[in-house]
Amino acid sequence: METRRMPAKELEGIVGAEHVREAAPEDAVDGVQPSLVVEPGSVEEVGAVMRVAHREGLAVIVRGSGTKLGWGNPPAAADLILGTTRLDKVLEHAAGDLVLRVQAGVRLEELQKRLAGAGQMLAIDPPHPGATVGGIVAANASGPRRYKYGTIRDLIIGIKVVLADGTVARAGGKVVKNVAGYDLSKLFTGSLGTLGVIVEANFRLHPIPKAARTVAVELESPRAAREAAQAIMHSQVEATAVELHWSEEERLLSVLVESIPEGVEAKREAAAFLLRPFGEVRELSDEEAGALEPVLQGDGGEVPVKISAPPAELEDVLEELFGAAGRRGVGVRVRGHAATGVTYAGLRGGEEEIAALVEELREIRVRRGGSVVLLGGSPELKRRVDAWGPGGDYLGLARRVKEKFDPRGILGPGRFIGGI
Amino acid sequence: MERERLVETMRGILGPEGVISEREELRTYECDGLMNYRVIPDLVVLPETAEQVQRVVRVCYEEGIPFVARGSGTGLSGGALPVESGILIVTSRMRRILEVDIPNQRVVVEPGVINLWITEAVSGEGYYYAPDPASQVVCSIGGNVAENSGGVHCLKYGFTTNHVTGAEVVLPDGSVVHLGGGKAPDAPGYDLLGAFVGSEGTLGIATRITVRVCRKPEAVKTLLAAFEDTEAAGGAVSGIIGAGIVPAAVEMMDRLTIEAVEVAVHPNYPDAGAILIVELDGPEAEVESQFEQVIGICKQNRATEVRVAGSDAERALFWKGRKAAFAAMGRISNDYYVQDSVVPRTELSAVLKKISELSGRYGLRVANVFHAGDGNLHPLVLYDNNVPGEAEKAEELAGEIVFACLEHGGSLTGEHGIGEDKKKYMPKMFTAEDLDVMQLLRCAFDPHQICNPGKIFPTPRLCGERPGPFRMHPVQKAGLAELF
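Read top to bottom, the protein sequences are chains A and D.
According to the numbering used here, the first sequence is numbered sequentially starting from 1.
According to the numbering used here, the second sequence is numbered sequentially starting from 1001.
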């Protein structure tokens, strides 16, 4: 393997010797071992680091807290880890405007605590403890509340990025309504660090609902799951989240309703009424609702998979998934956003079986306009099955965009769809 | 290609009725909703299918002919202004609603479909399409996608970009791509759809668009509150937002607007220095309680009168005045210039004061009617074209208003787009680097810059040109070509 010259001294000169270190085995990305970890403390430093990397042709993996480093394919190369956690300032919280400007390395939990002081929140709840705002944007990570609020791409209103060659640029602004120029914040959302380093982002905020309740129904069958989810979707309840919990042990659909205290009881009642035809309805305590853990982190060796489908095909998704898993002896635990069309499944079994299962589901889902994406798994598994699956006819265009933004291909090479 | 041969080629693709080539007929298309700029296109084509759009674009690509897409032509920034020696591709014959899929809450349409038709197509099922620009009875979805249109209800429900889930796009080289999931969310790959929406027709032509439709709310309540001045009304807006209430709409009109509207459509508004229309929607119990709270907040902020719409007819009357505001200006002024800037909501009062000062200094009246909830101002600079120099003065005043908004942390445009009209201001908001990076996207989609050239960016670089200090392109230097 070719060893590149690591300009460690030069990088130390930029960010300070204490913020450059040799990469440890735990810094490896899908088994690919980088040489250095560099942690810049300002946008200017990110720019200077990228200029060096660009000049030397060093492969750079951008990392926040690293909670989603298992997303994507193994990188073709990894020389530097560019850590953003020192970029941790809340630059502006204009409470009266419900607008926020933060650096990328700010951790979501800490941010939410701070915003809560003003009765506000960034309306996003991805289940990755410790995740940074930049990482959430880069991965377009989302949680149950996306049913009501959309994903982070619907909440981002401005962005500052450092491109592969060190160019610093900004798009959008700090007003909610703004159509001046191209919406690059959307382009960078979900780009997994392959177009540039996200260093700052601006978001619209929402007031924290004053009251919340969760009602749940035990279900008999995948059909009941679809029908119950549809009943909530087509109602006027305005639920915040509609979640499915499906495994050997539980078959539960939960509905989170939020409002002002005067409104939440009526919403709870309406939701319960709609769910009643499908089974026994009960209200969950906060503890019970909180215990409905997601299966995203691959805990206990589970391989997390994200299935995207038209929401009305929920029944088919469950049947395909459990049918294919049963035939292969793969264990499945599902946590789905039942009403948005996004279903997460934790798979447990042999690599060969899981790979075959993913391919089988993908064959159906892609044909029907959706996707099946691996959100983890070992490098060996990813060598058997591509993390993203096939892209559509937009892949050529996506490659041209990548070539324009990162002509030397140094940002997360090979990690993204189509080998980008 | 010679013009005659080009006309023949286009007739071959579209049939004789799909091509307009007579100069007098072409004049119909010389401008969009912004009439300050006029360019007669070389040719207008009216495709009926995506395949025809693709064939037309392919000819343009092969022959290096610039083209501009246009829907209903209601844009107010000159985004669909034709280019000289270029082809205007009008989508108004592509008006089919292709699929209504209520179980998945989506509708698939052709780009020429009128915004309101989507709501009409799904209202029987209890659904509606949320983005509602004031021109919704005439504007097309293709145009809405190009401009990322807003409307009075986007404070709560977001803009076009939050409601479009997929698009089939003919790229400037004539190839067809499908962006976004459309049917299923989160298609893997870059959010090219997010980048396409709001790109003002410079990245390609959408030939098929999938939108999300929303369930009609259980309850809607609307009030109209009168205040002595815009400052008091602004205080009420801040109070509402501060209380954690997200109304479906908050609109403000100042005295001059109220006067004009009263003459034009007689909504019987109270005599006031400012009027707010506040609309809440959602589950009944929530709306009832918060509506009482809003009435209280208006009164605390010295509202001189609060009227609650007791029926759909009354609500419609409240809105009639607001929606007619632009047109009503014709009653009190020969001409007017519409501005479309945004400021953070908390800066509204300071910026309105500044506008009033500027109005005094220039000796021109400025009427204000705007989306107060999201700080999107629409100052209407009134002038008389028959008075020599007044149009120029009006434009200059409008420019000063833009600068004032930028100084207060705002943006050049909230919903009308940059188009031809505001590109000169772009360097006031963005650095050269920012604009260059936007150009990278442009170059990936449209390397030869033939797709709606000359819009948005004041001095676009040609693709392949290295970023750096501006250098004139050799072709341009030699006087052989205008920079697109």
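The beta-carbon is built from N, C-alpha and C at its ideal position, and this holds for glycine as well.
Since the structure is predicted, the reported quantities are computational estimates derived from the model, not experimental observations.
- Message: 7 Å is my cut-off, CB to CB: does D:F1470 come that close to chain A?
- Response: Only weak support exists for where D:F1470 lies, its pLDDT of 47 falling under 50; the value from the coordinates is given anyway. Using a Cβ-Cβ cut-off of 7 Å, D:F1470 does not count as an interface residue toward chain A, since no Cβ of chain A sits closer than that to its own.
- Task: Would you kindly check if the distance between the Cβ of D:K1320 and the Cβ of D:V1369 is under 7 Å?
- Result: For D:V1369 and D:K1320, no; Cβs fall outside 7 Å.
- Message: Just verifying my parser: in three-state terms, what is the DSSP assignment at A:Q120?
- Response: Three-state DSSP puts A:Q120 in a strand.
- Query: Distance, Cα to Cα, D:V1573 vs D:G1242?
  - Reply: The question about residue 1573 of chain D has no answer, for chain D in this structure spans 1001 to 1484.
- Determine the DSSP secondary structure at D:F1227, reduced to helix, strand or coil. Here DSSP, grouped into helix, strand and coil, assigns D:F1227 to strand.
- Item | Cα-Cα separation, D:V1039 to D:K1455 | The alpha-carbon atoms of D:V1039 and D:K1455 are separated by roughly 13 Å.
- Message: If distances are taken between C-alpha atoms only, which option among A:I354, A:E351 and A:G392 comes closest to A:G370?
- Response: Distance check between A:G370 and each of A:I354, A:E351 and A:G392 places A:G392 closest, using alpha-carbon atoms only.
- Task: Could you tell me if A:A291 is buried or exposed, where buried requires 16 or more neighbouring beta carbons within 10 angstroms of its beta carbon?
- Result: Exposed, since its Cβ has fewer than 16 Cβ neighbours within 10 Å.
- Message: With three or more C-beta pairs closer than 8 Å as the rule, is the stretch 1162-1174 of chain D touching the stretch 1114-1126 of chain D?
- Response: Flag = no, the stretch 1114-1126 of chain D and the stretch 1162-1174 of chain D do not touch.
- Item | A:R101 in three-state terms, based on DSSP | Looking at A:R101 - three-state DSSP - the assignment turns out to be strand.
- Task: Output yes if chain E places a C-beta closer than 7 Å to the C-beta of A:L187; else output no.
- Result: No chain E is part of this structure, whose protein chains are labelled A and D.
- Message: Is there a Cβ of chain A sitting closer than 7 Å to that of D:F1484, yes or no?
- Response: Note on D:F1484: pLDDT 39, under 50, position unreliable in the model; no value is reported.
- At a Cβ cut of 8 Å, what residues of the stretch 21-36 of chain A count as close to chain D, listed as they run along the chain? So nothing in the stretch comes that close.
- Given that a residue counts as buried once 16 or more other Cβ atoms are within 10 Å of its Cβ, and exposed if not, what is D:A1272? By the neighbour-count rule (16 or more Cβ atoms within 10 Å), D:A1272 is buried.
- Item | Between the CA atoms of A:K382 and A:R348 - distance to the nearest angstrom | Those two C-alpha atoms are separated by around 15 Å.
- Query: Which one or two residues does DSSP pair with D:I1258 in a beta bridge?
  - Reply: Per DSSP, D:I1258 has no beta-bridge partner at all.
- Item | Top-ranked residue by Cα proximity to A:F273, from A:Q236, A:L163 and A:P209 | Across the set A:Q236, A:L163 and A:P209, the C-alpha of A:Q236 shows the shortest separation from the C-alpha of A:F273.
- Does the beta carbon of D:H1408 sit closer than 7 Å to a beta carbon anywhere in chain A? Output row for D:H1408: interface = no.
- Task: With distances taken Cα to Cα, identify the nearest neighbour of A:L256 among A:G173, A:Y147 and A:V62.
- Result: Answer by Cα proximity: A:Y147.
- Query: Candidates A:R335, A:T167 and A:R63: which alpha carbon is nearest A:T85's?
  - Reply: Each of A:R335, A:T167 and A:R63 was checked against the Cα of A:T85, and the nearest Cα belongs to A:R63.
- Item | Three-state class that DSSP yields for D:G1321 in the structure shown | The answer is helix: DSSP assigns D:G1321 an H, G or I state.
- Report yes or no: is there a C-beta of chain A within less than 7 Å of the C-beta of D:L1179? Interface criterion met: the Cβ of D:L1179 is under 7 Å from a Cβ in chain A.
- Message: Can you pull the chain A neighbours of D:A1187, defined as C-beta to C-beta under 9 Å?
- Response: Neighbours of D:A1187 on chain A, chain order: S308, G369, G370, S371, G391, G392 and Y394.
- Message: Less than 7 Å between the beta carbons of D:L1397 and D:L1352, yes or no?
- Response: D:L1352 sits away from D:L1397, with the two beta carbons spaced by 7 Å or more.
- Query: Taking the alpha helix (DSSP H) that D:S1349 falls in, what are its first and last residues?
  - Reply: Looking at the DSSP string, the run of the alpha helix (DSSP H) that includes D:S1349 is L1348 to Y1362.
- Name the one or two DSSP bridge partners that A:L374 has. A:L374 pairs with A:V305.
- Task: Taking only beta carbons into account, state which residues of the stretch 1315-1346 of chain D come closer than 8 Å to chain A, listed in chain order.
- Result: Answer in chain order: V1342, V1343, P1344, R1345 and T1346.
- Task: Use the C-beta contact count for A:L318: other C-beta atoms within 10 angstroms, 16 or more gives buried, fewer gives exposed.
- Result: A:L318 is buried by the Cβ-count criterion.
- Give the interface partners of D:D1571 over in chain A, defined as CB-CB distance under 7 Å, in chain order. Outside the shown range of chain D (1001 to 1484) lies residue 1571 of chain D, about which nothing can therefore be said.
- By a C-beta neighbour count over all protein chains shown, 10 Å radius and 16 as the cutoff for buried, is D:V1387 buried or exposed? With a threshold of 16 other beta carbon atoms within 10 Å, D:V1387 falls short and is exposed.
- On a CA-only basis, which of A:T151, A:L69, A:V161 and A:D97 is nearest A:Q103? Give me that one, please. Of the residues A:T151, A:L69, A:V161 and A:D97, the one whose Cα lies closest to the Cα of A:Q103 is A:V161.
- Query: What's the C-alpha gap between A:H19 and A:G341?
  - Reply: About 42 Å.
- Message: D:G1189 and D:T1165 - do their beta-carbons sit closer together than 7 Å?
- Response: With a cutoff of 7 Å on beta-carbon distance, D:T1165 and D:G1189 are scored as not near each other.
- Item | Coil, strand or helix - D:F1430 by DSSP | Of the three classes helix, strand and coil, the one that applies to D:F1430 here is coil, per DSSP.
- Message: Residues of chain A with CB closer than 9 Å to the CB of D:C1443, please, in chain order.
- Response: Close partners of D:C1443 in chain A (Cβ separation under 9 Å): R400 and K404.
- Query: When the Cα atoms are used, what is the spatial distance from D:Q1105 to D:I1141?
  - Reply: D:Q1105 and D:I1141 have their C-alpha atoms some 17 Å from each other.
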